[in-house]
Amino acid sequence: MSFVFESDSGEYWCESGGGAAGPSTPLTVSGGPVILQSPVLPVMEGGALNLSCTARPPPSSPTAALFYKDGSLIRTEPTGHMTLRPVSRSDEGLYSCSIGGDTSPSSRVRVTEKPPTTAPPTSMAPPINITTTSARPPDWLLAVCVSSAVFLLVLVLVLVLLWRRRVQRKPEGETYIKDFQAKITII
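Each step along the sequence shown adds one to the number in full-length UniProt numbering, with nothing skipped, and position 17 is 17.
Pasting the structure below:
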């Protein structure tokens, strides 16, 4: 609708293509000098409710806007804008405002419940025991490895020493054998 008239006042709602209707909301069209701008859709619990009060024509000097809920004054705002947060179910009601003695028509504000947070699905399978191991090997394994390495090193050293000793004795043995051969030939 581009232009509205007082005769357009009434209950309004949305319908889906399948014919399902959403909740109705009253809409009042008036030619008054003060207009309250409020959300058309319900405000979610925990969210913010923004209201704005404007006068036509605007006053020549800055004038505070008075905001009412269900007929009772709740706040005076020098800017003409009011924000309530966090919104709760108790903030639902009829809101209006006034500037310079002129009052806006009431506008219904609805508050919807915050959707519950869904818990992750629970499994009916028995619990699985998971054990973690660190990248570091156990101490006993480390001790076995070090001991084995030391043993092998000592074994290699002993074998090398025995081999060298044998090599050094060979010439003596050969001399003994030559002496023995010499003695045999003499006889």
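Even glycine gets a Cβ: it sits at the ideal position worked out from N, Cα and C.
Practice problem: Please classify S147: does DSSP put it in a helix, a strand, or coil? | Solution: Here residue 147 refers to the residue found at position 147 when the sequence shown is read from its first residue. The answer is helix: DSSP assigns S147 an H, G or I state.
Quiz prompt | Short Cβ contact (8 Å threshold) for A65 with I99 | solution = By 1-based counting over the sequence shown, the position of residue 65 is 65. By 1-based counting over the sequence shown, the position of residue 99 is 99. Yes. Within cutoff.
Quiz item: Taking Cβ to Cβ, would you say S107 is nearer than 8 Å to S38?
Solution: Position 107 of the sequence shown holds residue 107. Position 38 of the sequence shown holds residue 38. In this structure, S107 places its C-beta atom within 8 Å of the C-beta atom of S38.
Quiz item: In the structure shown, what three-state DSSP assignment does S98 receive?
Solution: Taking the first residue of the sequence shown as 1, we reach residue 98 at position 98. Reduced to three states, the DSSP call for S98 is strand.
Quiz item: Which residues does DSSP pair with V34 in a beta bridge?
Solution: Translated into the one-based positions of the sequence shown, residue 34 becomes position 34. Its beta-bridge partners are A55.
Quiz prompt | Alpha-carbon to alpha-carbon, L51 and Y68 | solution = The residue given as residue 68 occupies position 68 in the sequence shown. The residue given as residue 51 occupies position 51 in the sequence shown. So the alpha carbons of these two residues sit roughly 11 Å apart.
Self-check item: Under the three-state DSSP convention, the category R75 falls into
Solution: In the sequence shown, residue 75 corresponds to position 75, counting from 1. Of the three classes helix, strand and coil, the one that applies to R75 here is strand, per DSSP.
Quiz prompt | One or two residues paired with A21 in a DSSP bridge | solution = Counting from 1 along the sequence shown, the entry for residue 21 is found at position 21. In DSSP, A21 forms a bridge with E15.
Quiz item: CB-CB under 7 Å to V40, same chain, minus the five flanking residues each way: which ones, in chain order?
Solution: Start at 1 with the first residue of the sequence shown, and residue 40 comes out as number 40. So the list reads T25, once near-sequence residues are dropped.
Quiz item: For L152, which beta-bridge partners are listed by DSSP?
Solution: The residue given as residue 152 occupies position 152 in the sequence shown. According to DSSP, L152 shares a beta bridge with no other residue.
Practice problem: Measure the C-alpha to C-alpha separation of G173 and V167 and round it to an integer number of angstroms. | Solution: Taking the first residue of the sequence shown as position 1, residue 173 is located at position 173. Taking the first residue of the sequence shown as position 1, residue 167 is located at position 167. Confidence is the limiting factor: at G173 the pLDDT is only 48, short of 50, which leaves the residue's position unreliable, though a coordinate-based value still follows. Their backbone Cα atoms lie some 10 Å apart in a straight line.
Self-check item: DSSP state of R85 mapped onto helix, strand, coil
Solution: In the sequence shown, counting from the first residue as 1, residue 85 sits at position 85. Residue state, collapsed to three classes: coil.
Quiz item: Below 8 Å between beta carbons: does that hold for A55 and V34?
Solution: For the purposes of this step, residue 55 is identified with residue 55 of the sequence shown, where counting begins at 1. For the purposes of this step, residue 34 is identified with residue 34 of the sequence shown, where counting begins at 1. The criterion of a C-beta distance shorter than 8 Å is satisfied by A55 and V34.
Quiz item: Is V167 helix, strand or coil by DSSP?
Solution: The sequence position of residue 167 within the sequence shown is 167, counting from 1. Helix, per DSSP.
Quiz prompt | C-alpha distance - V146 paired with A119, whole-angstrom precision | solution = As a position in the sequence shown, residue 146 is number 146, starting the count at 1. As a position in the sequence shown, residue 119 is number 119, starting the count at 1. Distance between the alpha carbons of V146 and A119 is about 52 Å.
Practice problem: Rank P127, G80, G22, E45 by C-alpha distance to the C-alpha of T103 and give the top, closest one. | Solution: For the purposes of this step, residue 103 is taken as the residue at position 103 of the sequence shown. Selected option, being the one with the closest Cα: G80.
Quiz item: Should Y12 go down as buried or exposed, given a rule of 16 or more other Cβ atoms within 10 Å for buried?
Solution: In the sequence shown, counting from the first residue as 1, residue 12 sits at position 12. Under this definition Y12 is an exposed residue.
Exercise. Starting from L41, follow the beta strand (DSSP E) in both directions and report where the run begins and ends.
Key: The residue labelled residue 41 in the question sits at position 41 within the sequence shown. For L41, there is no enclosing beta strand (DSSP E), as DSSP marks it with neither H nor E.
Self-check item: Spatial distance of P42 from V109 (CA atoms)
Solution: Your numbering for residue 42 matches position 42 in the sequence shown. Your numbering for residue 109 matches position 109 in the sequence shown. Each residue's Cα considered, the two are about 7 Å apart.
Practice problem: Can you give me the start and stop residues for the beta strand (DSSP E) that K69 sits inside? | Solution: Along the sequence shown, one-based indexing puts residue 69 at 69. 65 to 69 is the extent of the beta strand (DSSP E) around K69.
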